[in-house]
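A.B. asks: Before I ask anything, here is the structure I am working with.
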Amino acid sequence: MAQRMREGKRTGGFKSKYLFSYLWMAPAIILIFFFLVLPTFQTIKLSLHEKISFSEREARELLQSELQNIKGAEVALTDKIQEIAGWEQAIAKIEDQYKVTVAYEDISDTMTVKQTAELLTVTVNTALRQEQSGVGLQRFVGLKNYTRMLEDPEMKLALRNNLYWLVLFTIFVVIAGMLIAVLSDKVSWGKLAKTIIFMPMAISGAAGGVIWYFMYQKDVSTGTINAIINVFNPQFEGIAFLGEARLVTFALIAVGVWMQVGFCTVLFSAALQSVPVSLIEMARIEGANSLQIFFRIELPYIWSTVVLVITQMIMWVLKVFDIVFTMTHGGPFGASEVLANRIYRTDFNLGDFNYGSAMAVILFIAIIPVLILNIRNLSREESIRE
Amino acid sequence: MKAGTKIGYGFSRLSVNVALGMLVIIWLLPTFMLVVSSFRPIGDMMSSGWWTAFLNPERFTLDNYKLVLTSKGIGTSFINSLIITIPSTILPILLGALAAYPLAFSKFPGRKSIFITLIAMQIVPLQVVLIPVLLLLMGLNLNGTFTGVWLTHTAFGLPLCIYIFRNFFAQMPYSLIEAAKIDGANNLQIFFRLLVPMAKPAFASMAIFQFLWVWNDMLVALFVLNNSALNPVTVKLSSLLGSLDAGWEIMTPAALLSMLLPVTIFLMFQKYYVKGILAGSVKG
């Protein structure tokens, strides 16, 4: 084998070397292509289509109007269909529109328009059922799924909440992460402190959700948060944080901060350690106080890390799902709804993959600016390395 | 300890300690609450705060744990989580490392565009691809099966794995590989005998990352598994909380048990986890 390799190198040249490259990458590339690259485009396609449904009423109305077009006069449902000249054309049109084949011999000369419509309903729905393993028969509708969002009040609520998350979560998580990183660098037990604060990163949104659901209990004698408020204000009767439309999103954002702050701390901590001690010493000799050192020296020095953390948190927060899904399912009455949870509900509770896909595309579009920033950063690093 | 920590900020050492101490208590409190509550009888849990439990320590009980392991399919969901997580951790690491090897060392045509695609795919939100993935698995009759979930997690984990391994391999001295080639080693030998042992930290980082990601995942399980008999513990917990058909005597120990494995692994291998984050590991 080794012998052959060396010979191949001498005689076969580069081609055999490349073949090995592609072979080794093949399993990964195939999976990534079919599970990530292709689906991205399929989702865009789905978002521009809608599922064709077909009720008997639709069949009647469609057939009647087609027949009237052909005849140029009123057609009653009780008319015999074969007495209308050119009735085959009307059927052919429906066949074409729903991509089905109708057995013309089943349409006897005694059948009325209404009875033919019943037959068509059965034929079309049988065809639709055969497609049901997938997305069903689809019809191109352009941007209809997108314009639908503009009139969807729940969608507005979800986008507003995503905006709350984006601003409040990002600010709190970055500031808390920085504070913890700075403080834990100053004490001997800093490493232990960081470990404790990282820990929620290792648990699931579901477990975090269960914990905080219990923390937020309304009763001041069992709900930890309400009990703490009660200590400071004995008249306080307790708030149902997850039941109040005004508060629920903020209550969930706090859970998000609790779970994600460790990520920020890790990166900030490492960046702060990289600030040259000599720089800080020099500033101190020149009489700078600690706040000045932080804001004038350390923060500018680690600024690229701060930007990185902010972009990562923005990407995380746009996709926030587990916490909302576990704790409130978007409730009460959609008050804590976010885009990702709405996508899930549209896909599975409403069974509308097309509308759900349009929402997913919106989510993707929101992430693209961050994506471009990241690619640019990474490929810059790449060119430095090479 | 590096010198910088000795310089301090000029705030009194005490105030720094107190401030950090308070933050640590705030961060620890919810988990501590869960631990204490899970050992209390349900009657106590619903009538008094967990902080009062220490007044009657004799009332602590293991009953909740006995209950949780035998009821409502929670035990099964733990086994499901393990069945889902183990192959979903091993496969992307293995396939990712294999793919990273030529990306790091071979100058084949198209490697730049493949690498850029990988970076882009790391950031695609899973919500964007999950419906077509579900349809693909339906076509293969793999929806609602462990195989379907393994494939999905493997594919979703691969871009990050390849990226991290490629960067790790690329930092290794190329002369070592040249030398091995001159000694007559083939690519498989170089990979398994030279690179894999040297890249142990990268393997450790990715294993922890992928393990935690899959163990804690709910989204993939909800979309492509969606099978109540095979659901992992995250989905089980979430549905118990949502339907409120289980009381807190079941939910508190179940949540705590679900955290046990990831938190243990996290604490044991924290160093590698942090290294992974610093090397650019983020999951979508």
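Protein sequences, first through last, are from chains A and B.
The opening residue of the first sequence carries number 1 in our numbering; numbering runs sequentially from there.
The opening residue of the second sequence carries number 1 in our numbering; numbering runs sequentially from there.
Backbone N, C-alpha and C define an ideal beta-carbon position, used for all residues, glycine too.
So, is THR152 (chain B) buried or exposed, given that buried needs 16 or more other C-beta atoms within 10 angstroms?
C.D. replies: Working through the second sequence from its first residue, we reach residue 152 (chain B) at position 152. Buried: at least 16 other Cβ atoms inside 10 Å.
A.B. asks: What's the gap between the Cα of LYS51 (chain A) and the Cα of ARG139 (chain A)?
C.D. replies: Against the first sequence, residue 51 (chain A) aligns to sequence position 51. Against the first sequence, residue 139 (chain A) aligns to sequence position 139. Using only the alpha carbons, I get a separation of about 6 Å.
A.B. asks: Using a Cβ-Cβ distance under 7 Å, would LYS186 (chain A) count as near chain B?
C.D. replies: Here the question's residue 186 (chain A) lines up with position 186 in the first sequence. Output row for LYS186 (chain A): interface = yes.
A.B. asks: Would you say SER357 (chain A) faces chain B, with C-beta separation under 7 Å as the test?
C.D. replies: Here residue 357 (chain A) is taken as the residue at index 357 of the first sequence, counted from 1. Chain B contact via Cβ: present.
A.B. asks: Is any beta-carbon of chain A found at less than 7 Å from that of GLN127 (chain B)?
C.D. replies: By one-based count along the second sequence, residue 127 (chain B) stands at place 127. So, interface residue.
A.B. asks: Would you tell me roughly how many angstroms separate the C-alpha atoms of ILE116 (chain B) and ALA179 (chain B), rounded to the nearest one?
C.D. replies: Position 116 of the second sequence, counting from 1, holds the residue named residue 116 (chain B). Position 179 of the second sequence, counting from 1, holds the residue named residue 179 (chain B). Distance between the alpha carbons of ILE116 (chain B) and ALA179 (chain B) is about 30 Å.
A.B. asks: Which of the three DSSP states is assigned to LYS275 (chain B) in this structure?
C.D. replies: Counting from 1 along the second sequence, the entry for residue 275 (chain B) is found at position 275. If DSSP states are grouped into helix, strand and coil, LYS275 (chain B) belongs with the helices.
A.B. asks: Using only the alpha-carbon positions, how far apart do THR195 (chain A) and LEU267 (chain B) sit?
C.D. replies: Locating residue 195 (chain A) in the first sequence gives position 195, counting from the first residue. Locating residue 267 (chain B) in the second sequence gives position 267, counting from the first residue. Taking the straight line from one Cα to the other gives about 8 Å.
A.B. asks: Strictly below 8 Å CB to CB, what residues from chain B border TYR404 (chain A)?
C.D. replies: Because chain A here runs from 1 to 386, residue 404 (chain A) falls outside it and cannot be looked at.
A.B. asks: Under 8 Å Cβ-Cβ, which residues of chain B neighbour LYS319 (chain A)?
C.D. replies: As a first step, residue 319 (chain A) is located in the first sequence; it is residue number 319 there, counting from the start. What LYS319 (chain A) touches in chain B: PRO125, LEU126, GLN127, GLY284.
A.B. asks: What does a CB cutoff of less than 6 Å around VAL102 (chain A) pick up in its chain, not counting 5 residues either side in sequence?
C.D. replies: Stepping through the first sequence from its first residue, residue 102 (chain A) is reached at position 102. Cβ within range, chain order: ILE91, GLU95, THR123.
A.B. asks: Show which residues of chain A have a CB atom less than 7 Å away from the CB atom of TYR65 (chain B).
C.D. replies: As a working mapping, residue 65 (chain B) is identified with position 65 in the second sequence. Chain A residues near TYR65 (chain B): none, gap ~15 Å exceeds 7 Å.
A.B. asks: Within 7 Å of any Cβ in chain A, is that where the Cβ of VAL224 (chain B) sits?
C.D. replies: By one-based count along the second sequence, residue 224 (chain B) stands at place 224. Chain A, which has no Cβ nearer than 7 Å to the Cβ of VAL224 (chain B), makes this no.
A.B. asks: Given a threshold of 16 other Cβ atoms within 10 Å of its Cβ, counted over all protein chains shown, does MET359 (chain A) qualify as buried or as exposed?
C.D. replies: The count along the first sequence starts at 1 and reaches residue 359 (chain A) at position 359. Counting Cβ neighbours within 10 Å, MET359 (chain A) comes out buried, since at least 16 surround it.
A.B. asks: Pull out every residue of the segment 148-181 of chain A whose Cβ sits closer than 7 Å to any Cβ of chain B, in chain order.
C.D. replies: Residues passing the 7 Å Cβ filter: ILE180.
A.B. asks: Relative to the alpha-carbon of LEU137 (chain B), which residue among B:LEU256, B:TYR273, B:PHE223 has its alpha-carbon at the smallest distance?
C.D. replies: For this step, residue 137 (chain B) is matched to residue 137 along the second sequence. Nearest C-alpha to LEU137 (chain B): B:PHE223.
A.B. asks: If you draw a straight line from the alpha carbon of VAL173 (chain A) to that of ALA181 (chain A), how long is it in whole angstroms?
C.D. replies: As a first step, residue 173 (chain A) is located in the first sequence; it is residue number 173 there, counting from the start. As a first step, residue 181 (chain A) is located in the first sequence; it is residue number 181 there, counting from the start. Answer to the nearest angstrom: the Cα atoms are 12 Å apart.
A.B. asks: Buried or exposed for TYR273 (chain B), going by 16 or more other Cβ atoms inside 10 Å?
C.D. replies: For the purposes of this step, residue 273 (chain B) is identified with residue 273 of the second sequence, where counting begins at 1. That one is buried.
A.B. asks: Going by C-alpha to C-alpha distance, which of A:LEU339, A:PHE353, A:VAL361 sits closest to GLU154 (chain A)?
C.D. replies: Counting from one through the first sequence, the residue named residue 154 (chain A) turns up at place 154. When each option's Cα is compared against that of GLU154 (chain A), the closest is A:LEU339.
A.B. asks: In chain B, which residues lie with their C-beta within 7 Å of the C-beta of VAL210 (chain A)?
C.D. replies: Position 210 of the first sequence, counted from the start, is the residue given in the question as residue 210 (chain A). Per Cβ cutoff of 7 Å: LEU237, LEU241, MET251, ALA255.
A.B. asks: In angstroms with no decimal places, state the Cα-to-Cα distance between GLY208 (chain A) and PHE214 (chain A).
C.D. replies: Here residue 208 (chain A) refers to the residue found at position 208 of the first sequence. Here residue 214 (chain A) refers to the residue found at position 214 of the first sequence. So the alpha carbons of these two residues sit roughly 10 Å apart.
A.B. asks: In chain B, which residues lie less than 8 Å from LEU36 (chain A) when you measure between Cβ atoms?
C.D. replies: Against the first sequence, residue 36 (chain A) aligns to sequence position 36. What LEU36 (chain A) touches in chain B: MET121, VAL124, VAL129, ALA155, PHE156, PRO159.
A.B. asks: Buried or exposed: which applies to ALA26 (chain A), given that a residue is buried once 16 or more other Cβ atoms fall within 10 Å of its Cβ?
C.D. replies: Here residue 26 (chain A) is taken as the residue at index 26 of the first sequence, counted from 1. Result: exposed.
A.B. asks: How far does the beta strand (DSSP E) with GLN138 (chain A) in it reach, from first residue to last?
C.D. replies: Counted from its first residue, the first sequence places residue 138 (chain A) at position 138. 138-140 is the span of the beta strand (DSSP E), which, as asked, contains GLN138 (chain A).
A.B. asks: Give me the subset of the segment 315-345 of chain A whose CB atoms are less than 7 Å from a CB atom of chain C, sorted by chain position.
C.D. replies: Structure shown: chain C not included; protein chains present are A and B.
A.B. asks: According to DSSP, is LYS51 (chain A) part of a helix, a strand, or is it coil?
C.D. replies: For the purposes of this step, residue 51 (chain A) is taken as the residue at position 51 of the first sequence. Of the three classes helix, strand and coil, the one that applies to LYS51 (chain A) here is strand, per DSSP.
A.B. asks: Ordered along the chain, which non-local residues of its own chain (more than five positions away) have a Cβ less than 8 Å from that of ARG59 (chain B)?
C.D. replies: Against the second sequence, residue 59 (chain B) aligns to sequence position 59. Same-chain partners within the cutoff: ARG40, PRO41, ASP44, ALA53.
A.B. asks: DSSP state of THR101 (chain A), grouped into three classes?
C.D. replies: For this step, residue 101 (chain A) is matched to residue 101 along the first sequence. Three-state result, THR101 (chain A): coil.
A.B. asks: Please list the partners that GLY96 (chain B) has in chain A, where partner means a Cβ-to-Cβ separation under 9 Å.
C.D. replies: Here residue 96 (chain B) is taken as the residue at index 96 of the second sequence, counted from 1. The contacting residues are ALA28.
A.B. asks: Mapping DSSP to helix, strand and coil, what is THR234 (chain B)?
C.D. replies: By 1-based counting over the second sequence, the position of residue 234 (chain B) is 234. Here THR234 (chain B) sits in helix by DSSP.
A.B. asks: Identify which residue in A:PHE232, A:SER290, A:ILE44 has its Cα closest to the Cα of LEU143 (chain A).
C.D. replies: Numbered from its first residue, the first sequence carries residue 143 (chain A) at position 143. When only C-alpha atoms are compared, the closest one is A:ILE44.
A.B. asks: Return no unless some Cβ of chain B is closer than 7 Å to the Cβ of PHE364 (chain A).
C.D. replies: Here residue 364 (chain A) is taken as the residue at index 364 of the first sequence, counted from 1. Chain B contact via Cβ: present.
A.B. asks: Name the chain B residues whose beta carbon is nearer than 8 Å to that of GLY287 (chain A)?
C.D. replies: Here residue 287 (chain A) refers to the residue found at position 287 when the first sequence is read from its first residue. Those do not exist, as GLY287 (chain A) stays about 11 Å from chain B at its closest Cβ, beyond 8 Å.
A.B. asks: Cutting at 7 Å between CB atoms, please list the residues of its own chain near GLU337 (chain A), excluding the five before and the five after it.
C.D. replies: For the purposes of this step, residue 337 (chain A) is identified with residue 337 of the first sequence, where counting begins at 1. GLU154, LEU157, ALA158, ASN161, GLY330, listed in sequence order.
A.B. asks: If you measure from the beta carbon of GLY49 (chain B) to each beta carbon in chain A, is any gap under 7 Å?
C.D. replies: Taking the second sequence and counting its residues from 1, the one referred to as residue 49 (chain B) is at position 49. Yes - at least one Cβ of chain A is within 7 Å of the one on GLY49 (chain B).
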